[in-house]
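This report concerns only the one structure given below.
2 protein chains.
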Amino acid sequence: MAEPRWRRLGADQRREEILACAQRLFTERSYAEVSTTDIAREAGVARGLLNHYFGTKRDLYLEVVREAATVPLVAVESIPEGPLDERIAAAVVWFLDALQEQGSSWINVGVGREPDLDRILARAENDSVDRLMQLLGLDTEIEHRKQVRAVIRSFGQLARGAGREWLVRKALTRAQVQLLLTESLLTIMRDVLPNAFGTSPPRSGQA
Amino acid sequence: MAEPRWRRLGADQRREEILACAQRLFTERSYAEVSTTDIAREAGVARGLLNHYFGTKRDLYLEVVREAATVPLVAVESIPEGPLDERIAAAVVWFLDALQEQGSSWINVGVGREPDLDRILARAENDSVDRLMQLLGLDTEIEHRKQVRAVIRSFGQLARGAGREWLVRKALTRAQVQLLLTESLLTIMRDVLPNAFGTSPPRSGQA
DNA sequence: GTTGTTGTTGGCACGGCGCCAATAGTGCCC
DNA sequence: GGGCACTATTGGCGCCGTGCCAACAACAAC
Chain A
1 MAEPRWRRLG
11 ADQRREEILA
21 CAQRLFTERS
31 YAEVSTTDIA
41 REAGVARGLL
51 NHYFGTKRDL
61 YLEVVREAAT
71 VPLVAVESIP
81 EGPLDERIAA
91 AVVWFLDALQ
101 EQGSSWINVG
111 VGREPDLDRI
121 LARAENDSVD
131 RLMQLLGLDT
141 EIEHRKQVRA
151 VIRSFGQLAR
161 GAGREWLVRK
171 ALTRAQVQLL
181 LTESLLTIMR
191 DVLPNAFGTS
201 PPRSGQA
Chain P
1001 MAEPRWRRLG
1011 ADQRREEILA
1021 CAQRLFTERS
1031 YAEVSTTDIA
1041 REAGVARGLL
1051 NHYFGTKRDL
1061 YLEVVREAAT
1071 VPLVAVESIP
1081 EGPLDERIAA
1091 AVVWFLDALQ
1101 EQGSSWINVG
1111 VGREPDLDRI
1121 LARAENDSVD
1131 RLMQLLGLDT
1141 EIEHRKQVRA
1151 VIRSFGQLAR
1161 GAGREWLVRK
1171 ALTRAQVQLL
1181 LTESLLTIMR
1191 DVLPNAFGTS
1201 PPRSGQA
């Protein structure tokens, strides 16, 4: 009987093992779809040990999210002094690099692992986007429709976020949100869309 | 025994009753926190009836979300023809009106009813935002720090959405996302922030 | 080898969900 | 108006996932 049925590990070691397994499972499936039994089996431990180390399943999940959400931004000092537009360009490039390198885990934090829900949300979002495009006279550009949609959809995220700041968090006033959305949308229509596809600007010309 | 123990209703009527109760409960608590027992009790019916009408709890939830997500955009024809900037301004105003009137249910669709998760996400988001602000030389403006943060946070939603379009949906190229984010951020720094608080633009002047 | 410590296990109890056979309102027909 | 078929609605069974806790066993100290 030289082989014990299980090994006794230092406190932090076991903890890290379990956390790693949980991280993997939670990133490939949704919270509800992953059971504590799954995590325990994956980690090769008894289910009760999860509760001993992390309290509740929810706590373990939050621990995972906390780590995943904190990662992405590290080196800041790489952007030098200089005129505003140069610094902005550098910052954006740096951000995209970080995003590309790190895979899409940050993007999907908190959402994205619920296909059924996402489908419905995406559908409603597309409807809104189509109406806005129609409103702006973009419905004629069928050639780049998909890509224009994607841009406007991104703008929709800005609108939702700003609306949240205004109505839920109450950190911005309506006037401020209005200014933000108007200027941003104007920029998108005037400077982004025409240059993004090498196509002509929408029918009514610019301001 | 003139009073029957329960009434027999037309198919759609019961369905609507249950749906209404589910809608109320799901908007005030999160999906996991609301049990089918709660909904059934609220609607004054047996729990099994939910399954009979909607199949599974998830299906009922999706039904609720589908309705909540479809509501916000109705009247489109109110915006007339005209130069681009006028139409954009009108569209934004109309959007804000719809948002204000409809309460914050659309904003919170899909997320927002999970305080513990939101807190962690918001914390990580704020860290990222602070670094970006520092990068852009906005860290000196302590007077409007909260509001500047809120604006940048909204921009973060745009960045996340655009990143999603690029890496997950593959509807945009990296170059297109870069253009979108650069121009938008430039606009925010140059045209939005200075005018939103009646304060001076950041230290390095504009482009 | 014995003993104390504590990381780890296994199982119990509770609650939520999907399912289905039985029940009882309700309109129809005579 | 009384029986009858129809089906909306009920109530309970079985399963699964989670939190909890007492017992157990690996390991170190002596």
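Protein chains in written order, with our numbering: chain A, 1 to 207; chain P, 1001 to 1207.
Beta carbons: idealized from backbone N, C-alpha and C, even for Gly.
Since this is a predicted model, take the numbers as computed values, not measurements.
Counting only beta-carbon separations shorter than 8 Å, does residue i have a partner in chain A?
i, result
"residue 1133(P)", "no"
"residue 1176(P)", "yes"
"residue 1038(P)", "no"
"residue 1060(P)", "no"
"residue 1057(P)", "no"
"residue 1034(P)", "no"
"residue 1023(P)", "no"
"residue 1092(P)", "yes"
"residue 1145(P)", "no"
"residue 1009(P)", "no"
"residue 1139(P)", "no"
"residue 1030(P)", "no"
"residue 1001(P)", "Model confidence at residue 1001(P) stands at a pLDDT of 48, short of 50, so the residue's coordinates are unreliable and nothing is read from them."
"residue 1043(P)", "no"
Identify which residue in the options has its Cα closest to the Cα of residue i.
i, options, result
"residue 1180(P)", "176(A), 187(A), 107(A)", "187(A)"
"residue 1023(P)", "1126(P), 1097(P), 1038(P), 1081(P)", "1038(P)"
"residue 84(A)", "1007(P), 1137(P), 1017(P), 1184(P)", "1137(P)"
"residue 1156(P)", "1018(P), 1066(P), 1122(P), 1003(P)", "1122(P)"
"residue 1032(P)", "1095(P), 1058(P), 1087(P)", "1058(P)"
"residue 1116(P)", "1004(P), 1029(P), 1007(P)", "1029(P)"
"residue 1132(P)", "143(A), 87(A), 3(A)", "87(A)"
"residue 48(A)", "160(A), 64(A), 15(A), 69(A)", "15(A)"
"residue 43(A)", "197(A), 139(A), 17(A)", "17(A)"
"residue 160(A)", "1162(P), 1159(P), 1164(P), 1154(P)", "1154(P)"
"residue 1152(P)", "1174(P), 1189(P), 1056(P)", "1189(P)"
"residue 182(A)", "1094(P), 1036(P), 1134(P)", "1094(P)"
"residue 1067(P)", "125(A), 102(A), 62(A)", "125(A)"
"residue 1166(P)", "119(A), 100(A), 169(A)", "100(A)"
"residue 1192(P)", "4(A), 193(A), 178(A)", "178(A)"
"residue 89(A)", "1184(P), 1145(P), 1149(P), 1195(P)", "1184(P)"
"residue 1069(P)", "1007(P), 1105(P), 1050(P), 1046(P)", "1105(P)"
"residue 1146(P)", "1097(P), 1158(P), 1196(P)", "1196(P)"
"residue 5(A)", "45(A), 34(A), 25(A)", "45(A)"
Just reading off the alpha helix (DSSP H) that residue i is part of, what are its end residues?
i, result
"residue 69(A)", "57-70"
"residue 125(A)", "115-135"
"residue 1093(P)", "1084-1101"
"residue 1146(P)", "1145-1163"
"residue 1053(P)", "1047-1054"
"residue 25(A)", "11-28"
"residue 174(A)", "174-187"
"residue 39(A)", "36-43"
"residue 195(A)", "193-197"
Going along chain A, which residues have a C-beta under 7 Å from residue i?
i, result
"residue 1165(P)", "150, 153, 154"
"residue 1124(P)", "69, 70"
Say whether chain P places a C-beta atom closer than 8 Å to the C-beta of residue i.
i, result
"residue 27(A)", "no"
"residue 95(A)", "yes"
"residue 195(A)", "yes"
"residue 99(A)", "yes"
"residue 84(A)", "yes"
"residue 19(A)", "no"
How would you list, in chain order, the residues of chain P whose beta-carbon sits under 8 Å from the beta-carbon of residue i?
i, result
"residue 88(A)", "1136, 1182, 1185, 1186, 1189"
"residue 116(A)", "1058, 1062"
Below 9 Å on C-beta distance, what does residue i contact in chain P?
i, result
"residue 48(A)", "In chain order: nothing, as chain P lies at least about 22 Å away."
"residue 172(A)", "1147, 1150, 1151, 1154, 1196"
In chain P, which residues lie less than 7 Å from residue i when you measure between Cβ atoms?
i, result
"residue 157(A)", "1157, 1158, 1160, 1161"
"residue 113(A)", "Within 7 Å Cβ-Cβ: nothing; residue 113(A) doesn't reach chain P, min ~12 Å."
"residue 179(A)", "1192, 1195, 1196"
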